[in-house]
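What follows is a single structure, written as structure tokens, with notes after it.
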Amino acid sequence: MASSLHHIAILGCGVIGLSTALAILEDQPQTGRGSRSFVTIVSKEVPNLDEDSGGAGQSSSKKPSAEYASLWAGGHHVSDAKSERELRYDKITFERMSLLAREKPWSKKAAVTSGLSSSSVLPVPPAQTSNDAEKQAEPLVWVHQTELYEKADGPQIAARPPYEGVLDWYPDFKPLPQFSLKGGLSHGCTFSTIDINVPVYHRWLLHCFLELGGRLVVAEAKSLRQAVQLATSPASSQVVCKDIATWRQAGKVDALVASPGLGARFIEGIKDEAVHPQRGQVVVVHAPWLSADAPSWNDKPPHKLPGYSIVRAQGGREVYVIPRGDGTVVCGGTRIVDDWDPNPRPDTTKRILERCLGLVPQLADPKKSAGLTRPRAEDVQVVGVNVGLRPARRGGPRLDRAMDDVDGVKVVYNYGYGGAGYQASWGAALDAKQLVEEALQIPSSSSVQRRSAKL
Ligand SMILES: Cc1cc2nc3c(=O)[nH]c(=O)nc-3n(C[C@H](O)[C@H](O)[C@H](O)COP(=O)(O)OP(=O)(O)OC[C@H]3O[C@@H](n4cnc5c(N)ncnc54)[C@H](O)[C@@H]3O)c2cc1C
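Have a look at this one:
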């Protein structure tokens, strides 16, 4: 097979854009023969990689906007799939994340970003993490998850359990016996899943992207056409990459994957009015003492860290507890449709803490709550309060090929993942990669297993 070179641009450096870029890059042939792709990500915001993690991995001086959802997610892998396609994405992602959690490739990659070319205005990833908590932090951790379902008001419709077909495929899945459920709850279940330490995982994805030869262009694109232009000939002050010399061969862009999250509502060439924010506020707390209890009627939980959520009768999780494995725990939350307010609301913070304490009293500092029958919100050690806007889309995520090319460049849309972008990320990325391969007539290169082994 003759060798061929392609240049693929990705608009957006959230978990969807980054995972798509990695899905393309990780399958590059090792020899000079076969099809090779250059990948440039164009994004107006990128993580502040040189900062301590704090509440969400960001410093207050350069705090990213609430619209950059990937930096503010919880995040747990607990499927809420509304379609076969979403369930497939969640399962593929879970498979990939399970493999990563087992193989821990990040432990071998502490110094991946040495030798980067970048201007001083850009965040340069450090060779090593910079605070003690982060040194111990794993991007992905196993948890023992408990899901509780509120009872609907009014006459009960005899329906199948709400977790059936959505959660019962997770390892160690068990329904909770009815007698163990408190009043107000109709169902419950436990299973093993993965929590994503979002600041650490997202940064690790970016490290892998740069290490695999990707190029990052930090700039805003007002249109798809401008995104293509920025990827083709960026100003040198905007570029971060490992080996600038290699990029001389890159040439014009052949395909663009548009993953701009909420930006899809405003960018010329997309302007998708179905895209809207679902505002989420979370409280990050310090609770390294949290651990899974074994109820008297059940076996020992398979994992020490416990995750919880309560699913409302009308759907959606507003009470959730997501341990990150580094001693911090994300307590949530809210989901307010069409609310663009990026500022935390103090009354919401208090309500979140009270609801999470009602579910998991162990969140309180044991020294402060000793002797109290009900721990109070002020007994919890708050590390930070974050607001993020989930990039939702009426009608579900959009992942398809555009009808029209932009100046001869094939376009694939990949956005609208709302509150599920992390748990759907690898499934969405592999489908987007396939659409790019079809558009450019690149022979498809790999199986999921082989892809999984690369990162
Ligand atoms: C509070 C909260 C809790 C969450 N919990 C979970 C969870 O537990 N599990 C889960 O799976 N998901 C969770 N999510 C959802 C998840 O964070 C999102 O689905 C995911 O981050 C979306 O990723 P994205 O890449 O599509 O968008 P984003 O992360 O928003 O990225 C969009 C990118 O596009 C760039 N961009 C936008 N416009 C332009 C432009 N004009 N020019 C150049 N660049 C542009 C941005 O700078 C950014 O880099 C949560 C979200 C929130 C807010």
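FYI, in mature numbering (1 follows the signal peptide of the UniProt record, and there is no 0) the residues of the sequence shown are -21 to -1, 1 to 434.
Don't be surprised by glycine CBs; every beta carbon is placed ideally from N, CA and C.
A quick note: this is a predicted structure, and the numbers were derived from the prediction, not measured.
- Y392 is the residue among Y392, R369, R372, S(-18) whose C-alpha sits nearest the C-alpha of R380.
- Listed as beta-bridge partners of H123 by DSSP are S171, P285.
- Taking the Cβ atoms as the reference, G311 lies roughly 7 angstroms from G259, within the contact range of under 8 angstroms.
- A straight line joining the alpha-carbon of V339 with that of S270 spans about 10 angstroms.
- Fully contained in the stretch 388 to 419 are the following alpha helix (DSSP H) runs of length 4 or more, in chain order: 400 to 419.
- In this structure, the alpha-carbon of P154 lies about 19 angstroms from that of Y299.
- Bounds of any beta strand (DSSP E) do not take in A243, whose DSSP letter is neither H nor E.
- A234 is positioned such that its CB atom lies closer than 8 angstroms to that of K389.
- Approximately 4 angstroms separates the beta-carbon atoms of A408 and T(-2); this is inside 8 angstroms, confirming the contact.
- In this structure, ligand 1 has a non-hydrogen atom nearer than 7 angstroms to the beta-carbon of K23.
- Distances taken from the Cβ of Y392 to the heavy atoms of ligand 1 include none shorter than 7 angstroms.
- Exposure of R227 is indicated by the presence of fewer than 16 other C-beta atoms within 10 angstroms of its C-beta.
- Distance from the Cα of R75 is smallest, within the candidate group R204, K61, H56, for H56.
- Under the three-state reduction of DSSP output, F17 falls in the strand class.
- Between T172 and W405, the C-beta gap is not smaller than 8 angstroms, which leaves the two residues out of contact.
- The bridge partners DSSP lists for T307 are H265.
- Around the beta-carbon of S216, fewer than 16 other beta-carbon atoms lie within 10 Å, marking it exposed.
- Contact annotation: N176 and V120 have beta-carbon atoms nearer than 8 angstroms.
- If you ignore the 5 residues before and after A2, its C-beta comes within less than 8 angstroms of the C-beta of W405, A408, L409, A411, K412, R430, all in its own chain and listed in chain order.
- Following the DSSP letters along the chain, one finds V177 inside the alpha helix (DSSP H) bounded by residues 177 to 190.
- In this structure, A237 has its beta carbon at no less than 7 angstroms from each heavy atom of ligand 1.
- Set against 7 angstroms, the gap from the CB of W51 to the closest heavy atom of ligand 1 is smaller.
- Boundaries of the alpha helix (DSSP H) around E65: 63 to 82.
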